[in-house]
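Worksheet: one structure, shown below.
Shown next as structure tokens:
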């Protein structure tokens, strides 16, 4: 099937050699590959940021848990020593830290579940590019 070209383009196309056409295809494929790599980098950076935030929350939960253990220990000591207001106050603070730690842990765990290490958009565009290379006309 011959595709009609306007006169100025048909002369230009007929003057190109096979080597030039292959060179153009090679350049286009190189550019396409570079773009796919950049897309993969962007997706991985986005997922790494989400993972970093979730890890930070889990770290906060660990720190809150540590404080809860320390304060519960002080509360137990004060409570056993003199069963006075100071011990009960330390116990209340320790419970508050325990609740904060549990909330941070649950939030961090839920956010970590949303992290997807697979660059899905890149995989989809690479598959699309492969289909196009197999059948560039349709």
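Numbering (UniProt numbering), first residue to last: 1 to 138. Heads up, the beta-carbon is just placed ideally off N, CA and C, and yes, glycines get one too. Values in this document were obtained by computation on a predicted structure and should not be read as measured data.
Closest residue to residue i among the options (Cα-Cα distance)
{"i": "residue 92", "options": "76, 133 and 41", "result": "76"}
{"i": "residue 171", "options": "96, 121, 24 and 35", "result": "Shown here, the chain extends from 1 to 138; a query on residue 171 therefore has no answer."}
{"i": "residue 42", "options": "25, 121 and 132", "result": "121"}
{"i": "residue 129", "options": "63, 113, 16 and 31", "result": "31"}
Sequence-distant residues of its chain with Cβ nearer than 8 Å to residue i (five each side left out)
{"i": "residue 115", "result": "47, 50, 51 and 54"}
{"i": "residue 125", "result": "36 and 39"}
{"i": "residue 135", "result": "none"}
{"i": "residue 111", "result": "50, 53, 54 and 57"}
7 Å Cβ shell around residue i - same chain, five flanking residues per side excluded
{"i": "residue 94", "result": "68, 71, 72 and 75"}
{"i": "residue 61", "result": "101, 104, 105 and 108"}
{"i": "residue 33", "result": "none"}
{"i": "residue 44", "result": "119"}
{"i": "residue 98", "result": "68"}
{"i": "residue 131", "result": "none"}
Cβ distance (whole Å) where residue i is taken to contact residue j below 8 Å
{"i": "residue 119", "j": "residue 40", "result": "5 Å"}
Beta-carbon proximity list for residue i, same chain, < 6 Å, skipping 5 on both sides
{"i": "residue 57", "result": "104, 107 and 108"}
Sequence ranges, alpha helix (DSSP H) only - wholly within the segment 77–136, length at least 4:
85–113 and 120–134
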